[in-house]
Amino acid sequence: MTRLPRFYPIFDSSDWLRRALPLGVKLVQIRIKDLPPARLLGELALCQKLCREHGATLVVNDHWRAAIDLGCDFIHLGQEDLDEADIPAIRKAGLRLGVSTHDHAELDRALALEPDYIALGPVWPTILKKMKWERQGLERVSEWRRLVGAIPLVAIGGVTPERALQAFRAGADIASAVTDITLNPDPEARIGEWLKVTQ
1 MTRLPRFYPI
11 FDSSDWLRRA
21 LPLGVKLVQI
31 RIKDLPPARL
41 LGELALCQKL
51 CREHGATLVV
61 NDHWRAAIDL
71 GCDFIHLGQE
81 DLDEADIPAI
91 RKAGLRLGVS
101 THDHAELDRA
111 LALEPDYIAL
121 GPVWPTILKK
131 MKWERQGLER
141 VSEWRRLVGA
151 IPLVAIGGVT
161 PERALQAFRA
171 GADIASAVTD
181 ITLNPDPEAR
191 IGEWLKVTQ
């Protein structure tokens with residue numbers, strides 16, 4: 001398994017990438033909802049260009065067809081996305097794959113795909129979206145660590161720089177953040193704090 005950077009922010013536009021990548025972010029997910037196909041393709045292409053210019057890995061959330069068309073490197077799929085995704089086509093295109101998990105059945109499904117990382121969440125309560133899952137907690141992080149073997153494990157949901165250190169001690173390899181950065185009054189400074197604890 002290729003070792004991935006430990007800090008993994010998630011953004012919804014290339015504008016955020018323009019702010020984050022020059023600071024030293026090396027792994028980033030672009031999660032875009034509700035854009036018409038032509039605009040979506042253009043935005044993903046721009047994100048890919050920005051990441052390549054900064055030597056960063058771009059992970060495209062959900063839009064696996066566009067990721068294949070653009071020659072992207074990495075795709076992230078939620079459990080609902082897996083229902084419709086053509087995994088053989090994704091693998092044939094050489095895309096690496098990350099998968100979200102929340103319970104044992106989803107973990108079994110993800111492990112069968114031999115993904116390049118497995119995400120567990122929400123580790124802490126999150127305001128990002130309404131979820132049917134309760135807080136997973138650090139005990140679940142440690143349990144997932146045992147179950148996933150050598151596959152990189154991403155902790156997501158309510159993570160802050162301080163909590164990232166707890167997640168790492170519990171067995172996570174990577175910590176992911178969304179609103180801790182995007183809702184921060186000084187996102188650049190917050191990214192700096194993240195980079196400090198995840199180097």
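Residue 14 in the UniProt record's numbering sits at position 14 of the sequence shown, with consecutive numbering throughout.
We put the beta carbon where it would ideally sit given N, CA and C, even for glycine.
Out of Arg52, Asp81 and Leu195, which one is the CA nearest neighbour of Gly71?
The sequence position of residue 71 within the sequence shown is 71, counting from 1. Cα-wise, what sits closest to Gly71 is Arg52.
Threshold first: 4 residues or longer. Then list the alpha helix (DSSP H) segments lying entirely within the region 64 to 97, N to C.
64 to 69, 79 to 84 and 87 to 92
Is it buried or exposed for Ala67, if we count other Cβ within 10 angstroms and need 16 for buried?
Start at 1 with the first residue of the sequence shown, and residue 67 comes out as number 67. Ala67 comes out buried.
Proximity to Glu84 [Cα-Cα], best of Ile127, Leu17, Asp15 and Arg65:
Reading the sequence shown from its first residue, position 84 is the one you call residue 84. With distances taken between CA atoms, Glu84 lies nearest to Arg65 out of Ile127, Leu17, Asp15 and Arg65.
Which value, in whole angstroms, describes the spacing of the CA atoms of Thr160 and Ala56?
Here the question's residue 160 lines up with position 160 in the sequence shown. Here the question's residue 56 lines up with position 56 in the sequence shown. Their Cα atoms are separated by approximately 21 Å.
Residues bridged to Gln29 by DSSP?
Working through the sequence shown from its first residue, we reach residue 29 at position 29. Answer by DSSP bridge pairing, in chain order: Ile10 and Val59.
Mind checking whether Arg190 and Asp180 have CB atoms under 8 Å apart?
Within the sequence shown, the letter at position 190 stands for residue 190. Within the sequence shown, the letter at position 180 stands for residue 180. Result yes, Cβ atoms of Arg190 and Asp180 sit closer than 8 Å.
Per DSSP, what kind of secondary structure is Val197 in: helix, strand or coil?
Sequence index remark: in the sequence shown, residue 197 carries index 197 (1-based). In the structure shown, Val197 sits in a helix (DSSP, three-state: H, G or I).
Along the alpha helix (DSSP H) that carries Ile181, what are the first and last residues, could you check?
For the purposes of this step, residue 181 is taken as the residue at position 181 of the sequence shown. Taken as a continuous stretch (DSSP letters only), the alpha helix (DSSP H) holding Ile181 covers Thr179 to Thr182.
Complete alpha helix (DSSP H) runs within the region 102 to 128 (minimum length 4 residues, chain order):
Taking only runs of at least 4 residues, the alpha helix (DSSP H) segments lying wholly in the region 102 to 128 are 104 to 112.
Just verifying my parser: in three-state terms, what is the DSSP assignment at Ile151?
Residue 151 sits at position 151 when you count from the first residue of the sequence shown. Coil.
Can you tell me the Cα-Cα spacing of Ala45 and Lys26, whole angstroms?
Mapped onto the sequence shown, residue 45 falls at position 45. Mapped onto the sequence shown, residue 26 falls at position 26. Each residue's alpha carbon lies about 17 Å from the other.
Put Val141 into one of helix, strand or coil per three-state DSSP.
Sequence index remark: in the sequence shown, residue 141 carries index 141 (1-based). Of the three classes helix, strand and coil, the one that applies to Val141 here is helix, per DSSP.
Does the distance from the C-beta atom of Leu95 to that of Pro115 stay below 8 Å?
Position 95 of the sequence shown, counting from 1, holds the residue named residue 95. Position 115 of the sequence shown, counting from 1, holds the residue named residue 115. In this structure, Pro115 does not lie closer than 8 Å to Leu95 by Cβ.
Out of Thr126, Arg135 and Gln166, which one is the CA nearest neighbour of Gly158?
In the sequence shown, residue 158 corresponds to position 158, counting from 1. It is Thr126 whose Cα lies nearest to the Cα of Gly158.
So, at 6 Å on beta carbons, what are the nonlocal neighbours of Leu77 in its own chain, with the 5 sequence-adjacent residues on each side left out?
Walking along the sequence shown from the start, residue 77 turns up at place 77. The residues are Ala85 and Val99.
Would you mind working out which of Ser14, Leu23, Phe7 and Ala172 sits nearest Glu188, comparing C-alpha positions?
Within the sequence shown, numbered from 1, the residue matching residue 188 stands at position 188. The candidate whose alpha carbon is nearest that of Glu188 is Leu23.
Backbone CA spacing between Asp69 and Arg146 [nearest angstrom]
Your numbering for residue 69 matches position 69 in the sequence shown. Your numbering for residue 146 matches position 146 in the sequence shown. Going by the C-alpha atoms only, they are around 36 Å apart.
Counting only the same chain and skipping the five closest in sequence on each side, list residues whose C-beta sits under 6 Å from that of Glu193.
The residue given as residue 193 occupies position 193 in the sequence shown. Answer for Glu193: Pro161, listed in chain order.
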